[in-house]
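Here the structure is laid out as structure tokens; the discussion comes afterwards.
There are 2 protein chains.
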Amino acid sequence: MLRPRLPPLLNAAKRRCLSTAHDAPPASAHVPAAARVDRWLSDFSAGLIAGRAQESFAPERSFWRDMVAFTWSIRTFEGAGQIGQALAATTPSAQPHGWYADGTPTEDATDGSLECWLRFRTAAGGGKALLKLDQEGKASSLFTSLSDLDTRPFATGGRRALGHPCESIDEIGTPRPDRRYWHERRAAALPAALGGEAGEPYVLIVGGGQGGLSLGARLQLLGVPYVVVEADARIGDSWRKRYPGLMLHDPVWYDHLPYMPFPASWPVFTPRDKLADWLQHYATAMDLTVATSTRVTRAVPPADGGGGDGRWEVKLQPAGSTGAEERTSSGGSVTLRPAHVVLATGMSGVPRVPAPPAGGGAAQGPFAGEVMHSSAYPGAGGGRFAGRRAVVVGSNTSAHDICQDLWEQGAQSVTMLQRSAGLVVSETSVLEHGLGSLYSEGALERGVTTELADLVVASAPLRLQEERWREGTARMRRTDASLHARLAAVGYNLDFGEDGTGIFGKSFRRGGGFYIDVGCASLLSDGRVALRSGSGAEIAQIEPHAVRLRSGEALSADLLVYATGFESMHHFVSDLVSPAVAARVGRVWGYGSGAHLDPGPWEGELYLL
Amino acid sequence: MLRPRLPPLLNAAKRRCLSTAHDAPPASAHVPAAARVDRWLSDFSAGLIAGRAQESFAPERSFWRDMVAFTWSIRTFEGAGQIGQALAATTPSAQPHGWYADGTPTEDATDGSLECWLRFRTAAGGGKALLKLDQEGKASSLFTSLSDLDTRPFATGGRRALGHPCESIDEIGTPRPDRRYWHERRAAALPAALGGEAGEPYVLIVGGGQGGLSLGARLQLLGVPYVVVEADARIGDSWRKRYPGLMLHDPVWYDHLPYMPFPASWPVFTPRDKLADWLQHYATAMDLTVATSTRVTRAVPPADGGGGDGRWEVKLQPAGSTGAEERTSSGGSVTLRPAHVVLATGMSGVPRVPAPPAGGGAAQGPFAGEVMHSSAYPGAGGGRFAGRRAVVVGSNTSAHDICQDLWEQGAQSVTMLQRSAGLVVSETSVLEHGLGSLYSEGALERGVTTELADLVVASAPLRLQEERWREGTARMRRTDASLHARLAAVGYNLDFGEDGTGIFGKSFRRGGGFYIDVGCASLLSDGRVALRSGSGAEIAQIEPHAVRLRSGEALSADLLVYATGFESMHHFVSDLVSPAVAARVGRVWGYGSGAHLDPGPWEGELYLL
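Residue numbers (our numbering), protein chains in the order written: chain A, 1 to 609; chain B, 610 to 1218.
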């Protein structure tokens, strides 16, 4: 997931311990930043109690974005009036108090504004906030988030498990008749969860990829009973099944899992198998309760009867083990009654393959070569497709990767059929203008950990982010000018997002529509991979030994790959639960910007884990 | 490994950002600590150049301990005169320069001394130092260590691998004909190392436990060709083969492996299988070059012919695979010619079983029950030894653990035969008075990372540490007073080290002779596990259904476990290389204190990884 580059204010905000250069001292310069924050906190705290907190915010252009702490949801409010009303409505139950500045504020000399992390408490637990003050001393934005629950702290650090079956160090010396060794207790966890012995899981997580495992880890350490259900035989298989040259295009600082970050030696870009192995290890090292080779076949929500008492009824079945190394389900169908069901089934649903071209061709016979969707592409290593004449339909990342792989491994000819416009960017511009300010070694050196970076991104209302995306896209265009010129010269259809928000907008709204170049751009630019684009590049007819385009051109071919993407994960809801519930949930991804292929709207704003 | 609790000076030294209370201002109080350090650094730097560096040290009671930076060894020098000579001898080649204080000094109000971390550079790379100044402004101790080599930096952080087969982000977009996917490159690493294809490994590491893997990781990231050779089928098996209830007694903060620390949720005390799995995962996640199911059968050093050109000649053979999941050797015998051989074969050599008692018993017949060394003890789970009458010979940790396990899992009777005195301590006293000041959540909160803690311990000459050990042992005795009284009351033979250095001295000198209580002390105190101690507890005769002690008592028995320890790892040197080389290397462990069972002396001082 790409994140926008933040404007100079926030970059400067992260340079702790470095002095800020001042061109001309702003009006507020004579009052130290820390004092300005303290004054605001004092006024704001009093205002919360007196019901006039809106006075602490800039009247027009101000935002309050809350993640759980006040609203138990993700909400953004704009303008002092709306903010004041929302605070008044939520403060009585949230009972916010104990505000203080966490660290030193950072100032932006250009406009006299400052930014400061805060801590506070609510009736439920502890919170973190990010405050931005304008030079009048009003809040231009406040982001509040809940960090921990008093009644259910995370079992880490000083609260971690002992290892011994007791609660305190003093009890370690107590002998235990019929002691179960640790590995026996561990092995019993899953059968107990599935057999209802441990009590019904409170949360059932469908899917054991990075999303499902991350959530499982959080619940594990909160002591909330859960189970992760994974259809594949081993954790990580969903990645192992991808084509062999696959690498992550997001850099390592952006990819850490909670509690167990990648080591400092981990490569910047993670290869497929390395990621799969790490996920498998994560599930083990974090002692997660995971059922592999198990499929959810049906999930009936409480509103539709479900399991009674406000519970879901979820049916699990063995998914046809293929030599599973890990625990499988109890062998037969199991019915669980969780309070919550989470679908962590991944961005991609079923492969989408276009309908065959209408009419014609029957007399000529079917395609004599191999046809496959990109999800079934096995890789061209070992000369598997050497000498082949390949046509790849699509211009998403898989299309580019597959074209590159075919060329590198000796295909005779490779042609990409680009049906819709896309954006190609260099990894350099992504790191420099996209992620680098928050997710990089440089960011780490400035004290911006992944956790902090994630909070910074979460703090920005999407309406403000769109401005940054346009700025970032413009910078990237300058960096990638010659790359784009070379691609345009061979007919590549480039688009920078309807409103110039580039890969950032495309990411948040569509989850695709761009390619981070890892070699295919060069091949396209100089014709080593041929390109056909536009409406004339549509397939009109498939012949036994060729693909005929709408333009009339016949491309000699004995390999046809449909890199045409996947249906939305939305269909899992429809299949597992019901079409009615799927309609109520709405389509997954996007945030209702109204842009092309943004499936929104959602209620509230999108927060992507 | 236990480390001594440090005296108040060093504890205070770690409390960054907390003010120190002053009872009576010492003479030097009016000069800020940072200025005192700067003055010393200035004088010392000048003194190094002018050959009068000894003037910076207290004339009598001062130490300079160097780890690699100056001496390319581990050396301790005492007294300004000796220190000055050693500095003069090493400075011309080390060329130390660029000294500066790293962080703020911490002061001890009681004697006006202060402590400060320093950084410096040498001709070879960067260094870290720890300086202690007395109130006269002279160094009472200086610890210097080399952190990194300029010509061979560790491939971490900003120097980590890219993942793509290229050196810089800008080259990522370059297509590569015949590209080998990452997992293919990874799979080729071991065969290449063993086949000499990658060039001979520079270092051959015998043993794939935590020591061998840690060293392998360092060499991996230094780009030094190496291979780890492990006889077992899987990394971690050496731990999996131990008895099932085994847990680490050192707490997690003490146990982290380099680059990949345990997650914040990891239990304080690590169970056997969890550790085994983590080690297995470590080897994979760190991309280490490891040959499993492979044994070193012979290692001929350069001096004895070896592989020529100053190289060893080392023969490897498959070790009889048992369904190895990981790469095995090439199938037959392989000969390698490394420049260096490291034995990371573990603390324990072959099991030591006492000779059977002389004379008598032949007429009665052999023992009718089961006999085994503790290393073959399978655990009593599942009722395996329920109802048995067990005699356990020895009073080391395994003896206590096995007695406890037998009692917990339903043995009819358990008797421990304590032949030599030992020390029993509670985990509470170990954490409070042993490790806690440096290895704990509290230490972390004070900014003492594991890396820093390790440096602090490494910085102290053993002669100074012995004083601390006595102090720590005295504190532990007070905490454990009632525990000791209860044990003494049933005849347990307690010893606190010849010079009162307790578990610390025993650890450093012998690697044993104590038990950290995880339940057996309670069983011994109230007789649920019987105890026979002293010379009368030696076995005089083994009868078919009993063990007869020298005291004349016959203990009914159908299970006899020899928890009698292991030979030194020293024998590996003798077996693999030669007895002559073994004699030259000397016995492993200890440091020549002259204390009982300290196998030293070593040249220089011991540094235990």
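Ideal Cβ positions, reconstructed from N, Cα and C, are used throughout, including at glycine. Only a predicted model underlies this, so the values are computations on that prediction, with no experimental measurement involved.
Within the region 384-408 of chain A, the residues whose Cβ lies closer than 9 angstroms to some Cβ of chain B are 404, 405, 407, 408, listed in chain order. Listed along chain A, the residues sitting closer than 8 angstroms to residue 1040 (chain B) by beta-carbon distance are 169.
For residue 181 (chain A), the closest of B:880, B:1076, B:833, B:1196 by C-alpha to C-alpha distance is B:880. Taken in chain order, the members of the region 870-884 of chain B whose beta-carbon sits within less than 9 angstroms of a beta-carbon on chain A are 870, 871, 872, 873, 874, 875, 876, 877, 878, 879, 880, 881, 882, 883. Classified as buried, residue 1134 (chain B) has 16 or more neighbouring CB atoms from the shown chains inside 10 Å of its CB.
Apart from the 5 residues on each side of it in sequence, residue 380 (chain A) sits with its Cβ closer than 6 angstroms to the Cβ of 405, 406, 409 in its chain, given in chain order. Between the alpha carbons of residue 1070 (chain B) and residue 748 (chain B) lies a distance of about 14 angstroms. In chain order, 509, 590 place their CB closer than 6 angstroms to the CB of residue 598 (chain A), counting only its own chain and leaving out the 5 sequence neighbours on each side. According to the DSSP secondary-structure assignment, residue 335 (chain A) is paired through a beta bridge with A:315. Between the alpha carbons of residue 820 (chain B) and residue 955 (chain B) lies a distance of about 8 angstroms.
According to the DSSP secondary-structure assignment, residue 102 (chain A) is paired through a beta bridge with no residue. In the DSSP assignment, residue 1171 (chain B) forms a beta bridge with B:982, B:1002.
Between residue 283 (chain A) and residue 213 (chain A), the CB-CB gap stays under 8 angstroms. At least one CB of chain B lies nearer than 8 angstroms to the CB of residue 286 (chain A). Contact check for residue 901 (chain B) and residue 843 (chain B): beta-carbon distance about 6 angstroms, within the 8 angstroms limit, so the pair qualifies. Between residue 807 (chain B) and the set B:787, B:836, B:817, the nearest pair of CA atoms involves B:836.
Within the same chain, Cβ atoms closer than 8 angstroms to the Cβ of residue 48 (chain A) are found at 87, 91, 96, the five residues on either side in sequence being excluded. Comparing alpha carbon positions, the residue from A:305, A:205, A:402, A:215 closest to residue 244 (chain A) is A:402. In the structure shown, residue 234 (chain A) adopts coil according to DSSP, grouped into three states. Pairing residue 889 (chain B) with residue 904 (chain B) gives a Cβ-Cβ distance that is not under 8 angstroms.
With the criterion set as a beta carbon lying under 7 angstroms from some beta carbon of chain B, the members of the region 509-522 of chain A are 517, 518, 519, 521, 522, in sequence order. Note on the region 1117-1173 of chain B: whole alpha helix (DSSP H) runs with a minimum of 4 residues are 1129-1134, in chain order.
For residue 977 (chain B), the CB contacts under 8 angstroms within the same chain, skipping 5 residues up- and downstream, are 1153, 1154, 1167 in chain order. Around the beta carbon of residue 899 (chain B), 16 or more other beta carbons lie within 10 angstroms, which makes this residue buried.
When DSSP states are grouped into helix, strand and coil, residue 463 (chain A) belongs to the helix group. Contacts with chain B at 8 angstroms (Cβ-Cβ) do not include residue 589 (chain A). Distances from the CA of residue 547 (chain A) to each of A:393, A:238, A:258, A:204 were compared; the closest alpha carbon is that of A:393. With a threshold of 16 other beta carbon atoms within 10 Å, residue 779 (chain B) falls short and is exposed.
In this structure residue 1075 (chain B) is buried. Its beta-carbon is surrounded by 16 or more other beta-carbon atoms within 10 angstroms. No Cβ of chain B is located within less than 8 angstroms of the beta carbon of residue 67 (chain A). DSSP places residue 863 (chain B) within a helical segment (H, G or I) once states are collapsed to three. Within the DSSP bridge table, the entry for residue 308 (chain A) names A:311 as partners. The C-alpha of residue 763 (chain B) lies about 41 angstroms from the C-alpha of residue 494 (chain A). In the structure shown, residue 64 (chain A) adopts extended strand secondary structure according to DSSP, grouped into three states. B:1147 is the residue among B:1171, B:1147, B:681 whose C-alpha sits nearest the C-alpha of residue 1160 (chain B). Around the CB of residue 100 (chain A), fewer than 16 other CB atoms lie within 10 Å, so the residue is classed as exposed.
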